Each structure stands twice: as structure tokens, then as C-alpha cells.
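Visitor:
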Amino acid sequence: MSNDVTETEEVTKSSIACDGGGEHPRVWLQIPADKGFVECPYCDKKFVLKT
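Okay, so the sequence shown: first residue is 2 according to the numbering used here, each after it adds one.
And the structure:
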């Protein structure tokens, strides 16, 4: 049984960078306006656009 919990962070900008705390290459992500969130393809961290 896995205890992995995906981290979620509220952000104020729709363009954000994730480097997984140094665990993976830095990637720039764009939060789609219609979705309101994006997940990092490397570490699955979820970035939610604060409204």
C-alpha cells in the first residue's frame, strides 16, 4: 500500500516553474485558464491558480 501524497501549491501566476526541490530538471508549466491547475509531469506536484 502506497502512502504517496501529491503535493499541492496555490500560486498567483499562471506560468510557474517546478524543479521538484532539485529532484528533476526545472520545467516551466502553464496553467490553463479553463482548468485552473496543472501537474508537473516529473513529480506530479499540483499547482492551483489562486482566484
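Idealized CB from N, CA, C, for every residue including glycine.
These figures come from a predicted structure and were not determined experimentally.
Of the residues ALA18, THR13 and VAL12, which one's Cα is nearest the Cα of ARG27?
Guide: The shortest Cα separation from ARG27 among ALA18, THR13 and VAL12 belongs to ALA18.
Visitor: Using a 10 Å radius around the Cβ and a threshold of 16 neighbouring Cβ atoms, would you call GLU10 buried or exposed?
Guide: exposed
Visitor: Since CYS41 contacts LEU50 with CB under 8 Å, what's their CB separation in whole angstroms?
Guide: At roughly 15 Å, the Cβ-Cβ gap does not stay under 8 Å, so CYS41 and LEU50 are not in contact.
Visitor: Is the CB-CB distance between ASP45 and THR7 below 8 Å?
Guide: yes
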